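Working notes, structure below.
There are 2 protein chains.
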Amino acid sequence: MKTKRIILCGLGRVGHAFLRLVAERGPAVAEQYGLDLQIGGVVDLGGAAIAPAGPLPLDDFLAHTQAGGRPEAFPGYGRSGLAGVDAISGHDFDILVETTPTNLQDGGPAYQFVTAAIGKSMDIVAANKGPFVLHFARLKELAARSGSRLFISAATGAALPTLDVGKFSVAGAGITAIEGILNGTTNFILTKMYREKTSYADALKEAQAMGIAETDPTLDVAGYDTRNKLVLIANTLLAGSFGIGDVPVQGITAITYGDIKRGVRDGQALKLVATATVENGQTTLAVGPKYIDASHPLAAVNFAEKGITYTTDTMGQITVLGGKSSPQGAAAALLKDVIHTHMFSNESRRQ
Amino acid sequence: MKTKRIILCGLGRVGHAFLRLVAERGPAVAEQYGLDLQIGGVVDLGGAAIAPAGPLPLDDFLAHTQAGGRPEAFPGYGRSGLAGVDAISGHDFDILVETTPTNLQDGGPAYQFVTAAIGKSMDIVAANKGPFVLHFARLKELAARSGSRLFISAATGAALPTLDVGKFSVAGAGITAIEGILNGTTNFILTKMYREKTSYADALKEAQAMGIAETDPTLDVAGYDTRNKLVLIANTLLAGSFGIGDVPVQGITAITYGDIKRGVRDGQALKLVATATVENGQTTLAVGPKYIDASHPLAAVNFAEKGITYTTDTMGQITVLGGKSSPQGAAAALLKDVIHTHMFSNESRRQ
């Protein structure tokens, strides 16, 4: 049995869901993988709860926070005002699980948390896209130097295994193209427009009423979320180093029902597609609405579903679809990556 | 750089394609994964070619066999009459790649090759289903005892990563159901019947003319190939031990165009589906024609394509589709599994 000590930074909905999952699945993970997961620390805005050795009593901690208690007020373990960087630097952990809110201006405090954890040769498991979208090359280099590894499934489609297929299932094959429907909100809006013969504005309103689109939907509908995921996927799987400036982006706000209908007449579906094309070793990235053939497996990805297709030189096309889009789905992706830190040998990297 | 020495048993179309792939991709695999692949031995019916230390000169060997030369006649390395078991037992290899023809009576010589390799604590990478369909529990137990690991991607859908998604992408989640379209020939026949409003007999003839169905199509059309893959997938991923006797099987030979049309009227597609259902820890397996909803991702799997859907408790449904069905696709799956022997740490098993 191998013990791995985890520090969680960020106790929002995804962070909470992750802790509940560890509490519930811990015994099964120990039995199935020989891996004993210990939550050794939890950091949020006002401070932290830290167990310097051994695990936090997780059931008690969850009862405490679910009753509205703050981590720093957790009896016996709370440390008021303890900053994330100090929590990471001052104690022994094997894995940082990062779920603070994505900040695309400067990466937010998460960038400091990630670099501190890399400084201690910890593995990084992140739902937060910020530090990686902004500083992938730098973090990859730091991680390679210290022996840390970066696991970002939860930031690149949550339970949809976008990276797994590219890293593991096509290992040894050359990836010549990637196409993805990576954002559930925009795919929901486009599907609604088609099914209900309605305008973008009306479909957006409906998505907002259902809680699928945000009050300010820009991140999704302008294509930025899709672009951010594409940047992470390309940096992980393809040769080269990519930033958001390398991706021309068009969103879905100007699409009309007429545009969609025109495609259907020709047997095509209009989708917001992220594409990466590799030619002569050069990668080209783009995000925009695209007519795709009815026979393409992504054409049948409807409503809030996501999907990604890898075109390879020796294995043909492989497509993966689905995966729950929710805090629980993201938490399940974090737990998967935590298990992967154990399943994969340290010498094997494709980052 | 880690060196892994491979012995290949079986030099048919898949075995040849695997050697060509290693010759072509060896340098890329070394660069990307730090893994130096050496073909140290090749065994076929009349004997073997063995390099007791270092690699066989692979380009020369391929030139020799492509000109019709037998392994045992390869100058400097050929060993006429050397049996597979003796080739494995008498020399040092890390991995057995098994591509002899599937034999479902007694497993054929492959069963001896696999047990000999397990006896030497080698990892097993197999395209041959026979030994595993017939003796999974026994081989798993022997492997666990000796520290060998079993990699059977190529036997369970070739380039379609049926097992990868179940082993890696849903790690930590509970699998509650598996549904698969696992046989390209039967799916081709059903698609043809629907598209061309034709009978089973006519669609079969067309598939035979195109080389998609065998002259004796029984293994495919009676559902046995689908069943065999289901047995391997269930044994790998689900609790319990399953043999072919545990799977009620119905093939597609009695299906009429009327049956297919009836489904289409109700918005459903008729497919040959392998199912595994897990309820209260009990797994139920079955293979048979099944109407599936148009909204189900497997409904859009047409012609010789394959696909598999995992239903999980925390990640929702995840479906993977595609992957080349050919000797080259199978060879690419073998190379992937060979790379996985290096990517995965020895302590992590879910078998």
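Chains A and B, in that order, give the protein sequences.
Every letter in the first sequence is one number past the one before it in this note's numbering, and letter 272, counting from 1, is 272.
To convert, count from 1 in the second sequence and add 1000; that's this note's numbering.
We put the CB at the ideal spot given by N, CA and C, even for glycine.
All values reported here derive from a predicted model rather than from experimental measurement.
Asked	Found
Answer yes if the region 1185-1195 of chain B comes into contact with the region 183-199 of chain A, meaning at least three C-beta pairs across the two stretches below 8 Å, and no otherwise.	no
For A:I318, I'd like the list of residues in its chain whose CB is within less than 8 Å of its CB, leaving aside the five on either flank, ordered along the chain.	V165, S169, V170, T309, Y310, T312
If I measure Cβ to Cβ from A:R349 and keep anything under 6 Å in the same chain, skipping five residues before and after, which residues do I get?	Bear in mind that the predicted position of A:R349 carries a pLDDT of just 45, short of 50, making it unreliable; the figure below should be weighed with that in mind. Excluding positions up to five away in sequence, the list is empty.
Report back the beta-carbon spacing between A:A127 and A:T99 to the nearest angstrom; my notes put them in contact at under 8 Å.	5 Å
Does the Cβ of A:A67 have 16 or more other Cβ atoms within 10 Å, making it buried, or fewer, making it exposed?	exposed
Can you check whether the CB of B:G1034 is closer than 8 Å to the CB of B:K1004?	no
Assign B:S1348 to one of three DSSP states: helix, strand, or coil.	Residue confidence for B:S1348 is low, a pLDDT of 44 falling below 50, so the modelled location carries little weight and cannot support an answer.
Which two residues bound the contiguous alpha helix (DSSP H) that contains B:Q1032?	1013-1033
Under 7 Å Cβ to Cβ from A:A154, same chain only, skipping five residues before and after it: list those, please.	A126, A127, A330, A333, L334, D337
Considering Cα atoms alone, identify which of A:A28, A:D225, A:R13, A:D123 is closest to A:K306.	A:D225
Do A:I6 and A:Q38 count as a contact pair if the criterion is CB distance below 8 Å?	yes
Is there a C-beta anywhere in chain B that falls below 8 Å from the one on A:R350?	For A:R350, the predicted model reports a pLDDT of 42, less than 50, meaning its position is unreliable and no value from the coordinates is stated.
Considering only C-alpha positions, which residue in the set A:I88, A:G245, A:L58, A:A203 is nearest to A:Y257?	A:A203
Would A:H16 be called buried (16 or more neighbouring beta carbons within 10 Å of its own) or exposed?	buried
Would you tell me roughly how many angstroms separate the C-alpha atoms of B:T1176 and B:S1121, rounded to the nearest one?	33 Å
Using the Cα positions of B:V1320 and A:P248, report the straight-line distance between them to the nearest angstrom.	29 Å
For the alpha helix (DSSP H) holding A:S146, just list the boundary residues, first then last.	130-146
Expressed to the nearest angstrom, what Euclidean distance is found between the alpha-carbon atoms of A:G84 and A:S146?	20 Å
Could you give the uninterrupted runs of the alpha helix (DSSP H) lying entirely in the region 21-108 of chain A, keeping only those of 4 residues or more?	58-66, 84-89
Counting only Cβ-Cβ distances shorter than 9 Å, please list the residues of the region 160-180 of chain A near chain B, keeping chain order.	L160, P161, D164, V165, K167, F168, S169, V170, A171, G172, A173, G174
Using a Cβ-Cβ distance under 8 Å, would B:K1261 count as near chain A?	no
From the DSSP output, read off the bridge partner residues of A:Q282.	A:E279
For the region 318-333 of chain A, which residues have a beta carbon sitting closer than 9 Å to at least one beta carbon of chain B?	I318, T319, V320, L321, G322, G323, K324, S325, S326, Q328, G329, A331, A332, A333
Please decide whether A:G245 counts as near chain B, where near means a Cβ-Cβ distance under 8 Å.	no
Using alpha carbons as the reference points, say which of B:V1278, B:G1281, B:D1220, B:E1279 lies closest to B:T1253.	B:D1220
Who are the Cβ neighbours of B:L1021 in its own chain at under 7 Å, not counting the five residues just before and after it?	A1331, A1332, L1335
At a CB-CB cut-off below 7 Å, which residues of chain B make contact with A:M315?	A1159, G1323, K1324, G1329, A1332
Considering A:Q208, what are the terminal residues of the alpha helix (DSSP H) in which it resides?	200-209
Mind checking which residues open and close the beta strand (DSSP E) that includes B:Q1317?	1317-1322
Against A:A300, what residues of chain B qualify as contacts under a CB-to-CB distance less than 7 Å, listed in chain order?	P1297, A1300
By the DSSP assignment, the beta strand (DSSP E) with A:V125 in it spans what residues?	123-126
Could you check what DSSP says for A:R149 in three-state terms: helix, strand or coil?	coil
B:Q1250 to B:A1222, Cα distance in whole Å?	7 Å
Based on the DSSP secondary-structure assignment, which residues constitute the bridge partners of B:G1307?	B:I1181, B:L1321
Would you grab the beta carbon distance between B:G1267 and B:A1294 for me? Rounded to a whole angstrom, and I think it's under 8 Å.	5 Å
Taking the alpha-carbon of B:H1342 as reference, which of B:E1196, B:V1029, B:D1246 has the nearest alpha-carbon?	B:V1029
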